[in-house]
Amino acid sequence: MSAETGLRVAAEPTLLSARRRARLTRGAAPYALLAPATIVVGAVLGYPLYLLVQLSFQKYGLPQLLTHHGEWTGLSNYTRILHDSQFWHVLLRTVTFTAANVSLTMLFGTLIALLLARLGSFMRLLLTTGLVLVWATPVVVSVNVWLWMVDYEFGVLNWTLTKLHAGNFVHHDWFANTLSGFGVITAVVVWGAIPFVAITLYAALSQVPEELHEAARIDGASFVQVFRFVTMPLLKPIFIILVSLSIIWDFQVFNQVWIMRDGRPTNDYYLMSIYSFVESFRVSEYGLGSAIALTMVLVMLVVSFFYVRQMVRAGEAE
Amino acid sequence: MTTAAATAPLARRKPPLAVRRRRFLVAVANHSLLIAVAVLFLAPFAFIALTALMSTNQALSSHLWPQPFRWSNFVDVWSKAPLLRWALNTAMYSGLATLGVLVSSIPVAYALSRLRWRGRDAVFLVVLVALMLPPQVSVIPVYVLWAKLHLVGTLWPLIIPSWLGDAFSIFLLRQFFLTIPEEYLDAARVDGCGELRILTTVVLRLAKPAIAAVALFSILYTFNDYFLPLLYVGESPHHWVASIGLSQFRSLHQVQWNLTMAATLLVMAPVIVLFFLAQKAFVEGVTLTGVKG
Chain A
5 MSAETGLRVA AEPTLLSARR RARLTRGAAP YALLAPATIV VGAVLGYPLY LLVQLSFQKY
65 GLPQLLTHHG EWTGLSNYTR ILHDSQFWHV LLRTVTFTAA NVSLTMLFGT LIALLLARLG
125 SFMRLLLTTG LVLVWATPVV VSVNVWLWMV DYEFGVLNWT LTKLHAGNFV HHDWFANTLS
185 GFGVITAVVV WGAIPFVAIT LYAALSQVPE ELHEAARIDG ASFVQVFRFV TMPLLKPIFI
245 ILVSLSIIWD FQVFNQVWIM RDGRPTNDYY LMSIYSFVES FRVSEYGLGS AIALTMVLVM
305 LVVSFFYVRQ MVRAGEAE
Chain B
280 MTTAAATAPL ARRKPPLAVR RRRFLVAVAN HSLLIAVAVL FLAPFAFIAL TALMSTNQAL
340 SSHLWPQPFR WSNFVDVWSK APLLRWALNT AMYSGLATLG VLVSSIPVAY ALSRLRWRGR
400 DAVFLVVLVA LMLPPQVSVI PVYVLWAKLH LVGTLWPLII PSWLGDAFSI FLLRQFFLTI
460 PEEYLDAARV DGCGELRILT TVVLRLAKPA IAAVALFSIL YTFNDYFLPL LYVGESPHHW
520 VASIGLSQFR SLHQVQWNLT MAATLLVMAP VIVLFFLAQK AFVEGVTLTG VKG
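Protein sequence lines correspond, in order, to chains A and B.
The first sequence maps to residues 5 to 322 in the numbering used here.
The second sequence maps to residues 280 to 572 in the numbering used here.
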């Protein structure tokens, strides 16, 4: 084919393809491809939400599960949990737990991301490999090994602390006290959550033009000032996303607590997710469990909403 | 050249002692921090490996290094628990769910990125909301639905939902499809390809890295999943997957930490193998979610 005919052939179908695309857009093809998405919206999202709200207004126990019909009881599930002091304790504990976990994850994640940016490429690759390995580790595996390390009789942590003369930790049970028990749980959760935050932040950091840092340094800015006034504002969008995601993830921590307490957590180890799970699937009060789950989702949405608004406002004020 | 002339430019180029000392200290600080972080993140893995090779008594002593190496732990574990059954169940859950995620999410991602139709942005918004919405919303009602269908106690409630599309995979694939130059698709349209054929012949080939990342994430997610298997097959040991089995194994063999760690290592082995085979796709996948917006 000569160049001339090639050009003509190329020019004609461009028109044709545009027309065809216009026709296709109105045709059935997109809607056929869309069918799965419609199911996502309808079946996987909307319908369960509707059912959850419905269940939360019903008495739905084992007999109702067998006959598939709930008994309408109005607001009784909600009045029950709101008058239950345990609910308020669990809510407070979950909020505190989330705040601690998100702050620690973000703090260490940011520090490690900054460290990654300052290292040579070989060291960086080494550290990234370690991080991604931790990130890929199954939660059961990490809980098992952490339990082994803090084992009250033979754990390496008690042994090391005693050897270092940090006190007598022989036969020290870390789960005897709820606070230190949650300390261990926090360690496992944060340990597993840092890699995602660190790698994402590092990837974002590497997009910040070096000239900006240089300019700030020439103007005499310290390391902290460069971070505060140059890096931080540029990373704000990704920071907002990471914090919101962390809040959502840490607010619903279940596995770590459940496996660490051998599937039988006592009341003082209840977080919202565990409380809802036990009420629904162990006590078989699905209605009550739904009310707890819905409250939990609302609290989570309110917290993330206020957080995001705060961040956006702070950005506008500057 | 005289010595004075040779040293003068050198001396001028060399930063003052204070600066050099500070730079050296910063480098030391950076690397000691690096070592601390690396130890913190990798020490647990060392403990798994070392304990897995000890005898039961040695695991309970204060010695950190196995003596002698007891490789037979890895054999003993198989007789202590139905590892093979767990492995088969896990493979079934992981394989079928991953296949489902790919088959259902790729067309949706294509429709959301490369076709123009009314309501597209609205649907994409729904996908984003689905991504943000906590699973607590659906756990109880979906369980009640599966109970109605009498499928609680089987692996199907874990597998079937992934055939209906997965928000995270759709999001990730869409982001990648958007980077494919329109010219490629137009060329195929010129040659008379329908949209479905463009998807299967052109887009799938160009988007291999993204599809690999999505498949990896799905395999990893299902392999690590503990909550849903606990909910649906927790009471029926016949259908246990590795994660449930492993947590039960530890409860049953309380002080035999060497065997528990050997089992832990065996469960982790596929993840490690997969990880080293596909390390690049992993890191790319993680970066893909964050940066390319």
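Each residue gets a CB set at the ideal place from its N, CA and C atoms; glycine is no exception.
Only a predicted model underlies this, so the values are computations on that prediction, with no experimental measurement involved.
Can you confirm whether residue i, when its beta carbon is compared against all beta carbons of chain B, has any partner nearer than 7 Å?
i: residue 138 (chain A); result: yes
i: residue 80 (chain A); result: no
i: residue 122 (chain A); result: yes
i: residue 177 (chain A); result: no
i: residue 126 (chain A); result: no
i: residue 217 (chain A); result: no
i: residue 236 (chain A); result: no
i: residue 72 (chain A); result: yes
i: residue 251 (chain A); result: no
i: residue 142 (chain A); result: yes
i: residue 196 (chain A); result: no
i: residue 266 (chain A); result: yes
i: residue 290 (chain A); result: yes
i: residue 26 (chain A); result: With a pLDDT of 49 at residue 26 (chain A), under the threshold of 50, the modelled position of this residue cannot be trusted; read the value that follows with caution. False, the Cβ-Cβ gap to chain B never drops below 7 Å.
i: residue 300 (chain A); result: yes
i: residue 297 (chain A); result: yes
i: residue 284 (chain A); result: yes
i: residue 310 (chain A); result: no
Does any residue of chain A have a CB that is nearer than 7 Å to the CB of residue i?
i: residue 436 (chain B); result: no
i: residue 482 (chain B); result: no
i: residue 526 (chain B); result: yes
i: residue 559 (chain B); result: no
i: residue 496 (chain B); result: no
i: residue 299 (chain B); result: no
i: residue 367 (chain B); result: no
i: residue 464 (chain B); result: no
i: residue 536 (chain B); result: yes
i: residue 533 (chain B); result: no
i: residue 543 (chain B); result: yes
i: residue 570 (chain B); result: With a pLDDT of only 43 at residue 570 (chain B), under 50, the local geometry of the prediction cannot be trusted, and the value read off the model is given with reservation. Yes, residue 570 (chain B) lies at the interface with chain A (some Cβ there is under 7 Å from its Cβ).
i: residue 321 (chain B); result: yes
i: residue 392 (chain B); result: no
i: residue 530 (chain B); result: yes
i: residue 295 (chain B); result: no
i: residue 556 (chain B); result: no
i: residue 522 (chain B); result: yes
Across which residues does DSSP place residue i in a beta bridge pair?
i: residue 431 (chain B); result: B:433
i: residue 75 (chain A); result: A:63
Can you name the residues of chain B whose CB is closer than 7 Å to the CB of residue i?
i: residue 254 (chain A); result: None at all; the shortest Cβ gap to chain B is about 11 Å.
i: residue 303 (chain A); result: The contacting residues do not exist; residue 303 (chain A) stays about 11 Å from chain B at best.
i: residue 278 (chain A); result: Those within 7 Å of residue 278 (chain A) in chain B number zero; the least Cβ separation is about 11 Å.
i: residue 187 (chain A); result: Those within 7 Å of residue 187 (chain A) in chain B number zero; the least Cβ separation is about 15 Å.
i: residue 258 (chain A); result: 506
Compute the beta-carbon to beta-carbon distance between residue i and residue j, rounded to the nearest angstrom, for a pair I have assumed lies under 8 Å.
i: residue 343 (chain B); j: residue 329 (chain B); result: 6 Å
i: residue 537 (chain B); j: residue 331 (chain B); result: 6 Å
i: residue 356 (chain B); j: residue 362 (chain B); result: 7 Å
i: residue 543 (chain B); j: residue 145 (chain A); result: 5 Å
i: residue 278 (chain A); j: residue 301 (chain A); result: That belief does not hold up - the Cβ atoms of residue 278 (chain A) and residue 301 (chain A) are roughly 15 Å apart, past 8 Å.
i: residue 419 (chain B); j: residue 54 (chain A); result: Not quite, the Cβ-Cβ distance comes to about 12 Å (not below 8 Å), so this is no contact.
i: residue 434 (chain B); j: residue 368 (chain B); result: 7 Å
i: residue 326 (chain B); j: residue 160 (chain A); result: 7 Å
At 8 Å on the CB atoms, spell out the chain B contacts of residue i, in chain order.
i: residue 263 (chain A); result: 505, 526
i: residue 156 (chain A); result: Those within 8 Å of residue 156 (chain A) in chain B number zero; the least Cβ separation is about 12 Å.
i: residue 400 (chain A); result: An answer regarding residue 400 (chain A) cannot be provided, because it is not within the stretch 5 to 322 covered by chain A.
i: residue 116 (chain A); result: 316
i: residue 107 (chain A); result: None at all; the shortest Cβ gap to chain B is about 18 Å.
Just the chain A side, please: which residues come within less than 8 Å of residue i by C-beta, in chain order?
i: residue 546 (chain B); result: 142, 144, 145
i: residue 540 (chain B); result: 148, 149, 152
i: residue 309 (chain B); result: 119, 122, 123
Which chain A residues are close to residue i, counting only those with a beta carbon under 7 Å from its beta carbon?
i: residue 420 (chain B); result: 52, 55, 56, 59
i: residue 499 (chain B); result: 140
i: residue 515 (chain B); result: In chain order: nothing, as chain A lies at least about 14 Å away.
At least three beta-carbon pairs within less than 8 Å, the region 237 to 244 of chain A to the region 489 to 499 of chain B
Output reads no: the region 489 to 499 of chain B does not touch the region 237 to 244 of chain A.
Is there contact between the region 198 to 217 of chain A and the region 175 to 190 of chain A, where contact requires at least three CB pairs shorter than 8 Å?
Because the criterion of three Cβ pairs below 8 Å is not met, the region 198 to 217 of chain A and the region 175 to 190 of chain A do not touch.
Taking 8 Å as the threshold, find out whether the region 430 to 448 of chain B comes into contact with the region 382 to 402 of chain B through three or more Cβ pairs.
Enough Cβ pairs lie closer than 8 Å, so yes.
Closer than 8 Å is the cut-off here; do at least three beta carbon pairs connect the region 104 to 122 of chain A with the region 250 to 267 of chain A?
Yes: at least three Cβ pairs fall under 8 Å.
Report yes or no: do three or more beta-carbon pairs, one from the region 358 to 376 of chain B and one from the region 450 to 460 of chain B, lie closer than 8 Å?
No, because fewer than three Cβ pairs between the region 358 to 376 of chain B and the region 450 to 460 of chain B fall closer than 8 Å, the two stretches do not touch.
Do three or more CB pairs link the region 198 to 218 of chain A to the region 116 to 130 of chain A at distances below 8 Å?
For the pair of segments examined, the region 198 to 218 of chain A was found to touch the region 116 to 130 of chain A: the number of CB pairs separated by less than 8 Å reaches three.
Can we say the region 91 to 104 of chain A touches the region 275 to 290 of chain A, given the rule of at least three CB pairs closer than 8 Å?
Under the Cβ criterion (8 Å, minimum of three pairs), the region 91 to 104 of chain A counts as touching the region 275 to 290 of chain A.
Can at least three beta-carbon pairs, one atom from the region 129 to 139 of chain A and one from the region 302 to 318 of chain B, be found at a separation below 8 Å?
As far as the Cβ criterion goes, the region 129 to 139 of chain A touches the region 302 to 318 of chain B, which means the pair count is three or higher.
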